[in-house]
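So the sequence shown is numbered by our numbering: it starts at 3 and just counts up by one. Reading through the structure tokens given below for one structure.
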Amino acid sequence: VRSGFVEGRHYGHAVVVGPDGSVLRSWGDPQAVIFPRSSNKPAQAAAMVRAGLPLIGPHLALSAASHSGEGFHLAAVAEILAGAGLDTSALQTPVDYPLDADERDEWIRTGRAPEPLAMNCSGKHAAMLATCVVNGWSIHDYREPDHPLQRAILAEIENCAGEKVSVVGVDGCGAPVLALSLIGLARSASTCMTAADGSAERMVVDAMRAWPRYVGGTRRDVTRLMVGVPGLLAKDGAEGVYLVGLDDGRAVAIKVLDGADRARIVALAEILLGLGVQAAVLDDLRQTPVLGGGVPVGEVRSVIAE
3 VRSGFVEGRH
13 YGHAVVVGPD
23 GSVLRSWGDP
33 QAVIFPRSSN
43 KPAQAAAMVR
53 AGLPLIGPHL
63 ALSAASHSGE
73 GFHLAAVAEI
83 LAGAGLDTSA
93 LQTPVDYPLD
103 ADERDEWIRT
113 GRAPEPLAMN
123 CSGKHAAMLA
133 TCVVNGWSIH
143 DYREPDHPLQ
153 RAILAEIENC
163 AGEKVSVVGV
173 DGCGAPVLAL
183 SLIGLARSAS
193 TCMTAADGSA
203 ERMVVDAMRA
213 WPRYVGGTRR
223 DVTRLMVGVP
233 GLLAKDGAEG
243 VYLVGLDDGR
253 AVAIKVLDGA
263 DRARIVALAE
273 ILLGLGVQAA
283 VLDDLRQTPV
293 LGGGVPVGEV
303 RSVIAE
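Written out as structure tokens, the structure is:
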């Protein structure tokens with residue numbers, strides 16, 4: 003809404019599942035099949051832990067991250083690789099600038115060219131390489147769908163989601179992206195949240211919740227959510243996807259049909275408030291200001307509750 007005029011509309015699907023995976027509420031088509039993009043990363047990381055990935059703490063959180071490219075992110079990626087006897091030349095992420103605008107501007111200001119290290123999935127790729135080294139698997143082809151690593155990830159995602167992957171594509175980072183229904187994606191978060199202490203899934207969940215700055219970054223809403231709502235797990239994905247798990251085992255998955263990032267956090271905050279989650283951060287995120295002349299003249303808001 004700009005100056006009282008409805009300037010644009012975003013449409014999408016959303017679903018809330020319970021700890022047992024049952025659908026509690028839904029909007030649009032909860033059975034729509036989507037590419038979860040980076041919202042699959044908690045389950046991907048759990049597969050790597052199950053396969054022997056020896057990471058803990060912030061390094062494990064980074065393995066499930068879409069990081070902002072801040073200095074502490076890049077240093078931790080290098081540490082994961084060094085622990086496996088590798089360096090950044092082993093990464094097969096595409097060259098990129100940091101995701102965070104401030105970090106990107108500083109990178110360009112200093113004349114630094116795009117690098118695989120800066121790409122937001124480099125933590126996941128470093129963990130993939132470390133998993134390959136632990137198992138004696140080849141590293142030159144670790145992104146290929148028929149590689150033992152990617153087969154293990156597919157099996158874990160299917161187990162967590164309680165359904166078969168229907169489409170295998172190529173994600174922005176070059177690794178496979180595995181399609182699920184929106185219900186299946188939400189169930190994957192619920193499965194991870196309710197897994198037993200010490201399990202691969204809970205190790206990943208606990209690391210992400212304990213080190214939220216490594217999951218996103220200093221200025222990211224995914225990090226603000228986890229800091230502002232104790233016990234909450236959040237993972238954003240490209241093209242308007244968001245996944246949240248609550249500490250009681252409920253989970254929410256959202257897909258904005260036009261891929262707009264600005265719509266997903268507003269809708270997600272409104273849904274969480276409707277579920278009885280109370281936190282100041284949700285009041286802040288339920289509307290995004292629309293600017294005119296540098297000052298607020300409207301907002302992006304959800305009509306879910308209307």
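No residue lacks a Cβ here, since even glycine has one placed at the ideal position from N, Cα and C. All values reported here derive from a predicted model rather than from experimental measurement.
CB of residue i within 8 angstroms of CB of residue j, strictly
i	j	result
V170	P147	yes
A66	Q46	yes
G239	P56	no
E158	A49	yes
V217	A78	no
C194	P44	yes
R252	L83	no
A191	L275	no
L131	T90	no
A271	G230	no
N137	A53	yes
S168	A181	yes
S183	V297	no
K257	G14	yes
Per-residue DSSP class, three states only, for residue i
i	result
Y216	helix
K257	strand
R114	coil
Q94	coil
S28	strand
L248	coil
P298	strand
P291	strand
C194	helix
N122	coil
A314	Any question about residue 314 goes unanswered here, given that the chain covers just 3 to 308.
H61	helix
E81	helix
S70	coil
C175	coil
R145	coil
P232	coil
V279	coil
Through-space distance from residue j to residue i, alpha-carbon basis
i	j	result
A236	S5	32 angstroms
P100	G219	11 angstroms
L156	A188	16 angstroms
C123	S140	20 angstroms
T112	V18	45 angstroms
G294	V302	13 angstroms
D22	A265	28 angstroms
Q152	V299	47 angstroms
H61	E117	20 angstroms
S304	G87	48 angstroms
L277	G200	28 angstroms
E241	L259	8 angstroms
D173	V179	5 angstroms
C175	D98	10 angstroms
V268	L287	6 angstroms
F7	Q289	16 angstroms
A92	E105	23 angstroms
V207	V224	14 angstroms
L248	R211	11 angstroms
S41	D250	19 angstroms
D107	G261	25 angstroms
V243	D263	8 angstroms
G30	I110	42 angstroms
G186	N161	10 angstroms
A177	D143	10 angstroms
V135	I58	17 angstroms
A80	M121	13 angstroms
R222	E72	12 angstroms
Q33	H12	19 angstroms
V283	L227	7 angstroms
P291	V3	9 angstroms
V279	R215	22 angstroms
W213	H69	12 angstroms
A1	A103	Here the chain comprises residues numbered 3 to 308, so residue 1 is not present and cannot be evaluated.
A255	A16	6 angstroms
Bridge partner(s) assigned by DSSP for residue i
i	result
I36	L182
T133	T133 pairs with nothing; no bridge assigned.
F7	R4
R325	The shown model of the chain, from 3 to 308, leaves out residue 325, and the question about it has no answer.
I238	Before going on, a small fix: residue 238 reads as Asp here, not Ile. DSSP lists Y244 as partners of D238.
H15	K257
R303	Q289
V169	Bridge partners of V169: none, in fact.
Heavy atom of the ligand FMN within 7 angstroms of residue i beta-carbon
i	result
T112	In the structure on display, the ligand FMN does not appear, and there are no ligands present to speak of.
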